[in-house]
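A.B. asks:
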Amino acid sequence: MALLLLLIIAGGASWWYLDKHLPSPESLRGVQWQVPLQVYTRDGRLIGEFGEKRRTPLRRAEIPQRMIHAFIASEDDRFYQHPGVDWQGLVRAAAHLIRTGEKGPGGSTITMQVARNFFLGREKTYLRKINEILLALKIERLFTKDEILELYINKIFLGHRAYGAAAASLVYYGLPLSDLNLAQMAMIAGLPKAPSRFNPVTNPERAIARRDYVLGRMLDIGYISRSEHDKAQAEGVTAKVHALAAEVEAPYIAEMARAYMEERYGEEAYTAGYKVYTTIEGPLQSAANDALRNALLAYDLRHGYRGPEGRLATSISEADSEEEKEAPQSLSQSSNSSSAIIEEASANIPAPDPEDALRDDLGKIPVLGSLHPALVRKVDRDGIELSVRDIADPVRVSFADMEWARPYITPNRLGRKPKKAADVASLGDIVRLQKKDEGFVLSQVPAVEGALVSLSPKNGAILSLVGGFDFRRSKFNRATQAKRQPGSSFKPFIYSAALEAGFTAASIINDAPVVFDDPSLESAWRPENYSRKFFGPTRLRTALYKSRNLVSIRLLREMGIDHALEHLAKFGFDPDALPHGLSLALGSADLSPLEIASGYAVIANGGHIVIPHFVDRIVDIDDTTIFTSSAPTVCEPECEPGVVPAPRTLDERNAWLMYSLLRDVIRSGTARKALSLERSDIAGKTGTTNDQRDAWFSGFNADIVATAWVGFDEQASLGNKETGGRAALPMWIEFMETALADTAPSQLKRPDRIVTVRIDPATGMLAPTAQKDAIFESFRKDRVPSQMAEIPLQRPAGSTSDEAAPAPASVTERLF
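Residue 907, in this note's numbering, is where the sequence shown stops; the numbers in between run on with no holes.
#1: State the beta-bridge partners of residue 650 as determined by DSSP.
#2: By alpha-carbon positions, which one of 736, 319, 651 and 458 ends up nearest to residue 536?
#3: Would you check if the stretch 124-141 and the stretch 354-366 touch, i.e. whether three or more CB-CB distances between them fall below 8 Å?
#4: Could you tell me whether the stretch 667-677 touches the stretch 560-567, using the rule of 3 or more Cβ pairs below 8 Å?
#5: Distance, Cα to Cα, residue 134 vs residue 370?
#6: Beta strand (DSSP E) containing residue 738: first to last residue?
#7: Could you check whether residue 177 and residue 190 sit closer than 8 Å to each other, using their CB atoms as the reference points?
#8: Cα separation between residue 99 and residue 220?
#9: Given residue 606, which residues of its chain have a CB within under 8 Å of its CB, disregarding the five upstream and five downstream residues?
#10: With a threshold of 16 other CB atoms inside 10 Å of the CB of residue 500, please say whether the residue is buried or exposed.
#11: Quick one: grab the DSSP three-state call for residue 770.
#12: With a cut-off of 8 Å on the beta carbons, I'd call residue 323 and residue 268 a contact; round off their distance for me.
#13: Could you tell me whether the Cβ atoms of residue 725 and residue 701 are closer together than 8 Å?
#14: Between the C-alpha atoms of residue 297 and residue 258, what's the straight-line distance to the nearest angstrom?
#15: Give me whichever residues DSSP pairs with residue 140 in a beta bridge.
#16: Which residues in the same chain have their Cβ closer than 7 Å to the Cβ of residue 427, if we skip the five residues on either side of it in sequence?
#17: Between the Cα of residue 598 and the Cα atoms of 752, 559 and 690, which residue gives the shortest distance?
#18: State yes or no: is the C-beta of residue 747 within less than 8 Å of the C-beta of residue 631?
#19: Can you give me the C-alpha to C-alpha distance between residue 442 and residue 293, rounded to a whole angstrom?
#20: Cβ of residue 507 within 8 Å of Cβ of residue 497?
#21: Would you report the Cα separation of residue 206 and residue 153, rounded to the nearest angstrom?
#22: Please state whether the Cβ-Cβ distance between residue 471 and residue 512 is less than 8 Å.
#23: Give the straight-line distance between the Cα atoms of residue 664 and residue 593, rounded to the nearest whole angstrom.
#24: Taking its Cβ as the centre, do 16 or more other Cβ atoms sit within 10 Å of residue 835, making it buried, or is it exposed?
#25: Please classify residue 382 as buried or exposed, where buried requires at least 16 other C-beta atoms within 10 Å of its C-beta.
#26: Quickly, what does DSSP pair residue 90 with across the bridge? List them, please.
#27: For residue 392, which residues from the same chain have a beta carbon less than 7 Å from its beta carbon, with the 5 sequence-adjacent residues on both sides left out?
#28: Can you tell which of 311, 271, 251 and 261 has the C-alpha that lies nearest to the C-alpha of residue 56?
#29: If I measure Cβ to Cβ from residue 432 and keep anything under 7 Å in the same chain, skipping five residues before and after, which residues do I get?
#30: Pull up the DSSP beta-bridge partners for residue 471, would you.
#31: Helix, strand or coil, according to DSSP, for residue 97 in the structure here?
#32: What do you reckon, are the CB atoms on residue 600 and residue 642 nearer than 8 Å?
#33: By the DSSP assignment, the alpha helix (DSSP H) with residue 162 in it spans what residues?
#34: Whole angstroms are fine: how far does the CA of residue 857 sit from the CA of residue 667?
#35: Can you name, in chain order, every residue of its own chain whose Cβ lies under 7 Å from the Cβ of residue 850, other than the five neighbours on each side?
#36: Among 805, 637 and 793, which one has its Cα closest to the Cα of residue 815?
Put into structure tokens, the structure is as follows:
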């Protein structure tokens with residue numbers, strides 16, 4: 092009796108001690124689920140997700156009852172009867188230990204698993220089991236059965252980074268939990284016991300056996316009928332790993348949002364369930380993706396074929412080809428950027444089944460920018476036959492769809508035109524195909540890169556942003572990180588400074604050769620126009636829309652560099668980071684496409700500086716808004732309470748006159764291709780840098796500003812004639828076709844104190860009433876010309892800047 096009493100006292104003391112030192116289950120009421128960061132468009136379409144754990148917490152009412160039944164049948168069929176501990180199960184576990192001397196099934200209930208998953212480790216010790224029991228009893232006293240089920244189903248690990256049944260449903264079946272059938276629910280319910288061993292993707296046979304066990308238990312308990320059981324059991328494995336299904340392709344913005352959230356919230360950003368709603372508009376983002384890729388592919392098409400990306404080891408018979416080609420045995424290095432990926436994919440010797448091995452290797456090569464990797468299986472005079480990633484049947488490409496592939500030699504030189512398919516492709520080549528309406532055509536991943544960014548001039552909200560051809564190929568964001576010379580697309584800011592300094596659109600500047608001696612340079616600087624011609628006295632309006640370099644340089648020299656730098660700050664540029672020499676007039680500054688677009692926004696909105704931003708709002712796991720953008724906004728006539736007005740930095744008359752000048756770039760100048768949009772409200776400026784290393788176009792109306800850039804990352808020449816009007820403008824036009832569709836013209840409002848008068852086109856002076864070739868020009872009211880022009884009997888050739896004299900042979904090309 093004394094010994095029994097001693098054991099009772101000892102047991103009670105131990106129980107009391109352990110109970111006092113256990114964590115309080117009350118903390119489960121405020122449990123913080125480790126939910127990944129999600130990034131959305133402004134209207135709630137998913138862009139990206141970041142975090143180690145994929146989890147979508149559900150309320151009990153959102154969990155299908157059949158899913159509840161499947162888990163109970165699989166894990167704890169007496170869940171609704173026991174008080175948190177199934178004593179019958181524990182007795183069975185003890186009997187097994189006594190009978191075999193080994194630990195067996197532990198009799199863990201769902202409540203005990205909740206205790207273990209939230210508070211304890213997974214080590215199998217007697218102390219942990221006792222703690223588990225104590226915690227389970229406490230949990231049952233504090234929570235209802237439905238609350239315990241909700242905790243359990245949202246917490247459990249189910250393989251492939253999926254935590255909780257809702258995440259597992261998306262990972263294995265790509266469907267919300269409510270859309271799963273009985274067999275799929277039973278498959279998920281069988282995973283908690285051993286997510287690796289019973290995984291339907293990696294171990295389908297064991298997974299089916301486990302699923303059938305769950306179905307059998309559901310039948311025994313009475314949750315399903317015999318017919319339901321038999322139908323579900325007859326199904327095969329339909330699970331596969333589903334990557335996150337982004338609704339809008341915007342990986343560069345998603346990465347910007349990730350970095351923003353990490354800077355703001357640290358590591359908590361990836362686990363606290365934050366949702367970032369960006370300023371991105373889904374349709375505009377999709378249009379930007381297409382426009383950039385089409386422009387880069389068009390450039391690539393003009394400059395020839397660089398050959399296959401590589402070759403895969405193959406056992407294809409030579410009889411499959413009408414050409415006598417030796418079957419390739421290994422992967423050869425190629426000039427394309429994807430060769431490293433292909434080399435990794437084909438590093439292993441093919442498996443005994445060569446067809447399966449080739450398919451597997453092909454599947455490891457990523458699709459880039461909608462260009463599908465394909466293996467050449469047959470070559471004849473009329474075309475090629477290929478195996479294409481993710482397409483079961485062979486694909487045929489006719490010779491007509493590969494006839495463009497003249498060999499690339501230099502940016503300005505191509506090889507001979509192919510006469511038959513074998514001149515382009517060989518058996519075993521890895522090439523890229525592009526899907527078009529009429530079928531597949533031969534293509535290649537462009538070596539050139541680009542960027543396209545658009546924003547609202549009203550508040551600086553970024554509406555779309557593409558930082559390169561494909562984020563999987565290069566994560567470098569050229570829209571925000573690439574600092575390139577903007578060339579002539581920078582001239583509008585110089586002309587704006589000139590208007591502020593007293594010049595007008597009718598001011599005459601001599602377009603003539605000029606030489607600058609600078610001791611810091613090895614030789615004298617002789618800038619010239621792109622055409623290598625000079626045009627004599629030229630009005631500023633004409634000089635801008637025809638992009639005359641010599642006029643811009645003389646203009647900057649006459650107004651003074653200090654004045655120009657001070658004025659450029661009104662567009663958001665840092666004067667200290669800009670060149671302090673005359674090359675500034677030709678766009679020699681290093682600026683990103685986003686910075687250029689922001690500068691144009693000041694003109695587009697009538698003179699207000701706005702701050703580019705991409706985060707509209709942030710909500711927490713409870714869908715409570717914890718941050719809302721308060722970006723300064725251009726308001727007409729005044730801002731509503733709570734809205735921060737965007738400060739005016741530029742005189743509205745200056746902004747309107749610049750808008751007027753830049754509309755002529757499209758109507759009469761270097762961007763006439765944009766007339767295809769049939770819009771009267773658009774304005775913009777092309778830009779090309781020395782040796783055609785960068786091609787630009789920035790354009791806008793009062794509602795949207797967009798900047799397009801094309802160039803090589805290593806700053807090589809794009810080739811002769813690859814100007815902003817040829818390489819970048821088509822990208823802008825294609826994007827604007829979507830951006831401006833079904834929208835009314837949105838012109839900048841003409842301010843007061845602007846007048847329009849007739850002037851003499853040769854002198855910029857007021858035109859006499861009788862002058863027949865007079866034109867209209869707009870001026871600030873205080874800067875209307877005061878002198879009347881004299882009409883000569885016969886104008887000298889070139890006096891209206893329409894004819895040019897030849898440039899000296901010694902002139903060398905600079906930025907233009």
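Ideal placement from N, C-alpha and C gives every residue a C-beta, glycine not left out.
C.D. replies: According to the data block:
#1: According to DSSP, residue 650 bridges with nothing at all.
#2: It is 458.
#3: Yes, the stretch 354-366 is in contact with the stretch 124-141.
#4: With fewer than three CB-CB distances shorter than 8 Å, the stretch 667-677 does not count as touching the stretch 560-567.
#5: Each residue's Cα considered, the two are about 9 Å apart.
#6: No beta strand (DSSP E) holds residue 738; DSSP gives it neither H nor E.
#7: No, these two residues do not count as a Cβ contact at 8 Å.
#8: Cα-Cα distance, rounded: 19 Å.
#9: For residue 606, where only same-chain residues beyond five positions count, the Cβ hits under 8 Å are 615, 616 and 617.
#10: With fewer than 16 Cβ atoms within 10 Å of its Cβ, residue 500 is classed as exposed.
#11: In the three-state reduction of the DSSP assignment, residue 770 falls in the coil class.
#12: With a Cβ gap of about 16 Å, residue 323 and residue 268 do not count as contacting.
#13: In this structure, residue 701 lies closer than 8 Å to residue 725 by Cβ.
#14: About 21 Å.
#15: The partner list for residue 140 (beta bridge, DSSP) reads 129.
#16: Caution is warranted here: a pLDDT of 47 is assigned to residue 427, below 50, making its placement in the model unreliable, and the coordinate value is therefore given only provisionally. Correct list, in chain order: 397, 400, 535 and 536.
#17: If you compare the alpha carbons of 752, 559 and 690 with that of residue 598, the shortest gap goes to 752.
#18: No, the pair does not count as a contact, with Cβ atoms beyond the cut-off.
#19: Annotation note: pLDDT 42 at residue 442 (below 50); position unreliable, coordinate value reported separately. Taking the straight line from one Cα to the other gives about 19 Å.
#20: Yes, the pair counts as a contact, with Cβ atoms nearer than the cut-off.
#21: Going by the C-alpha atoms only, they are around 23 Å apart.
#22: The answer is yes: Cβ separation under 8 Å.
#23: In a straight line, the C-alpha of residue 664 is about 22 Å away from that of residue 593.
#24: When all chains shown are included, residue 835 counts as exposed.
#25: Buried is the call here.
#26: Because the chain here runs from 92 to 907, residue 90 falls outside it and cannot be looked at.
#27: Cβ contact annotation for residue 392 (same chain, cutoff 7 Å, sequence separation greater than five): 495, in chain order.
#28: As displayed, the chain neither begins before 92 nor continues past 907, which places residue 56 out of reach and without an answer.
#29: For residue 432, the predicted model reports a pLDDT of 43, less than 50, meaning its position is unreliable and no value from the coordinates is stated.
#30: Residue pairing of residue 471 in beta bridges, as defined by DSSP: 474.
#31: Here residue 97 sits in helix by DSSP.
#32: Taking 8 Å as the Cβ cut-off, residue 600 and residue 642 qualify as a contacting pair.
#33: Note, residue 162: alpha helix (DSSP H), 156-166.
#34: Cα to Cα, the separation comes out at about 40 Å.
#35: Around residue 850: 597, 856, 857, 858, 865, 866, 868 and 876.
#36: The residue with the shortest Cα to Cα distance from residue 815 is 637.
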